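Protein chains in written order, with our numbering: chain A, 1 to 381; chain Y, 382 to 762.
Every residue gets a Cβ at the ideal spot worked out from N, C-alpha and C, and that includes glycine.
If you're wondering where the values come from, they're calculated on a predicted model, not measured in any experiment.
Note sheet for the following structure.
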């Protein structure tokens, strides 16, 4: 566990003796974007158990967890970085670290939290105890696709120059390696759960670019360079999310851009291995933790529907309509259930992934991202 | 979180209000086999923070965690099944469920805990709240290799007949599927982290046998059927552990039987892809969570040594001697550190996996198995 050391930056008046023991291994936070609050949920109880307020602009917010699964670090679009204690259900520290930010990551040892910023462009890194800034890495560009990698490293990419930077904090001050030639206007990226492969999606050209981070001098490798991203020029905010990319049974499954399809790519050769036609333009294609199923949601106006694809047959085995504006999905760590944010229904809905039966609805205020604490133990989440 | 409901089977006198919040996400338990106790450790603090006693015979003991990472279910060799609260640091329930048992597993939904027994031979399944028995599955044989699989299933194998049984609890009463022809005297088994492939090691013949659990009717597939397990007939207790099998970069890495080697097997084709000569007869070959390194310990009398193998080059990149009787290793969930039980030194030693620097020694009484709470979120652990 990590203890709270004084002084912290905000109110901590009320550390009363806990009268109920809170074990956090099966908890989670749901982003309530309209009100800037987080709903604390309990997977085992299939229930909401609290709400934490005062987090600022939470549109497109994301968060990561401390290794002890007690603290969440919340990245707001407004540049706010907040440290939330989910046991005490309160914000224990908060800094406005930039004007416009887009996501963050926590180092493998849990001591550093990094935020990528549009304005000023770059990455800032903070001590997870105090939220004091320990490194400022300006890139001169909007910076996207920030992830953690093993060895106290962060990896991120510049929109303007198409460079991926690897910042290695293993010796204290960061050692920076720059990889050029990632392609035109990378808009997002992911790292595989083993921390080996970093893949950026490109806005300015067809396809994606991969890096093998195990290589001593990683070289950009094109992925699906001519798959045909569709006729329409989509705005950035309509590009599919990459965080949701699935790796299942040795293949990546990714949402096509501008097509009603998901694409299958061999995880070793990075060659296309198939396409599955879908109900709409996919937003997230997320693998159940065992990799046997991929659950897909879709862009407006087809965003009331989910399709489930079997990864062996690559065929759709189930389709249903949870309700209006399905924004996000999160599986329980071992995959037996899935929680789904249905924004315009004001509910999070819980389904059995074997039977597809709806098990429970939980009231939530414009729910979007769902983040279970088990992410604390995963690379890149 | 899961709450404790009264009545429980043992003393619970002392649920005092916790004056310190215990976040359990980065805790772990070390089996102290000589005294039948568990040492509670904190990964972030690199320290022992408590001891839980009264667990009976803990030789070859193992344990699993509840989804909320608060409770451990401990499987003693003497047939004892104990439920331990790591927040309150006490045994909250205990049953003697058989005369001689060998390992257990917890269902993906956290509601069932199963134990495999030599005497009487079979598997018994208990409610995780109360430890009341909910199913008794006699097999008429010593039963080994019990694991959980997705979909509220348990998989286990009989020593005498060489059958693997799949017990599906998704509809309440277990539906049992039997696969015959797994080979002569399976002595242990593992399931891959995706829950797809179940592999048994064979004592009575060369090689191993795999099952694809995604197949509607899984068929036994021989693995390395003629690799040559060495000239000596080893006793069962000297066979390598299978729990420790690594999967790294698309290959399984497994300890050879009767050779000073680890064997590499393609995870898709199950064909041998290489061998690496080692210091001694390997006992555990464990992959760092990112799969880039495999750490190997060895059988007596060479059990003072560890070798680290790079999974890309398949070459040994580091060798050192932690001390006498290295019994087990456990990586932090994201792999930056490793904890190593050195029984006859009376210590658990903690190393940085990038620099190989020793970071700390923790006193422990004849330490053997180390189990971090992040196992709660994994299949087959």
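- In the structure shown, residue 475 of chain Y adopts extended strand secondary structure according to DSSP, grouped into three states.
- Between the segment 365-376 of chain A and the segment 58-67 of chain A, the count of C-beta pairs closer than 8 Å reaches three or more; the two stretches touch.
- Scanning chain Y for C-beta atoms nearer than 7 Å to the C-beta of residue 354 of chain A yields 532, 551, reported in chain order.
- Sequence-distant Cβ neighbours of residue 135 of chain A in its own chain, meaning closer than 6 Å and more than five residues away, are 125, 174.
- Contact with chain A is absent for residue 657 of chain Y, since none of that chain's Cβ atoms lies less than 7 Å from the residue's Cβ.
- By the criterion of at least three beta-carbon pairs nearer than 8 Å, the segment 423-437 of chain Y is not in contact with the segment 91-100 of chain A.
- Per the DSSP secondary-structure output, residue 105 of chain A pairs in a beta bridge with A:114.
- Distances from the CA of residue 39 of chain A to each of A:114, A:84, A:318, A:68 were compared; the closest alpha carbon is that of A:84.
- The beta strand (DSSP E) runs of length 3 or more contained entirely in the segment 151-183 of chain A are, from start to end of the chain, 153-158, 164-168, 175-179.
- Interface flag for residue 24 of chain A against chain Y is set, since a Cβ pair is found closer than 7 Å.
- The beta carbon of residue 694 of chain Y sits no closer than 7 Å to any beta carbon of chain A.
- Using a CB distance below 7 Å, the part of the segment 651-681 of chain Y facing chain A consists of 671, 672, 673, ordered along the chain.
- Nearest to residue 142 of chain A by C-alpha distance, out of A:265, A:266, A:100, A:150, is A:100.
- Around residue 212 of chain A, the same chain offers 196, 197, 218 as residues with beta carbons nearer than 7 Å, after the five sequence neighbours per side are excluded.
- With a cutoff of 7 Å on beta-carbon distance, residue 318 of chain A and residue 371 of chain A are scored as not near each other.
- The shortest CA-to-CA distance from residue 47 of chain A to any of A:369, A:339, A:379 is the one to A:339.
- Separation of residue 190 of chain A and residue 156 of chain A (C-alpha to C-alpha, rounded to the nearest whole angstrom) is 10 Å.
- Annotation for residue 51 of chain A: the continuous beta strand (DSSP E) segment containing it runs 47-52.
- Under the 10 Å beta carbon count, residue 469 of chain Y is surrounded by 16 or more other beta carbons and is classified as buried.
- Residue state for residue 328 of chain A is assigned as strand, using DSSP reduced to three classes.
- The count of Cβ pairs closer than 8 Å, one atom from the segment 309-318 of chain A and one from the segment 344-355 of chain A, stays below three, leaving the stretches out of contact.
- Membership of residue 413 of chain Y in the beta strand (DSSP E) is indicated by the continuous run 408-413.
- Interface criterion not met: the Cβ of residue 517 of chain Y is under 7 Å from no Cβ in chain A.
- Contact annotation for residue 109 of chain A against chain Y: 717 [CB-CB distance below 7 Å, chain order].
- Residue 267 of chain A and residue 746 of chain Y have their alpha carbons spaced roughly 45 Å apart.
- Closest option to residue 289 of chain A, judged by alpha-carbon separation, among Y:604, Y:586, Y:545, Y:573: Y:573.
- In this structure, the beta-carbon distance from residue 44 of chain A to residue 448 of chain Y falls below 7 Å.
- Below 8 Å, too few C-beta pairs join the segment 267-278 of chain A and the segment 320-336 of chain A to call them touching: fewer than three.
- Going by DSSP, residue 283 of chain A is part of the beta strand (DSSP E) stretching over 282-287.
- Around the beta carbon of residue 450 of chain Y, 16 or more other beta carbons sit within 10 angstroms, so the residue counts as buried.
- With a contact defined as Cβ atoms closer than 8 Å, residue 242 of chain A and residue 201 of chain A qualify at about 5 Å.
- For residue 646 of chain Y, the three-state secondary structure derived from DSSP is strand.
- Per DSSP, reduced to three states, the secondary structure at residue 373 of chain A is helical.
- DSSP lists Y:455, Y:475 as the bridge partner or partners of residue 463 of chain Y.
- Looking at the DSSP output, residue 595 of chain Y sits in no beta bridge, so it has no partner there.
- When rounded, the separation of the alpha-carbon atoms in residue 22 of chain A and residue 333 of chain A is 19 Å.
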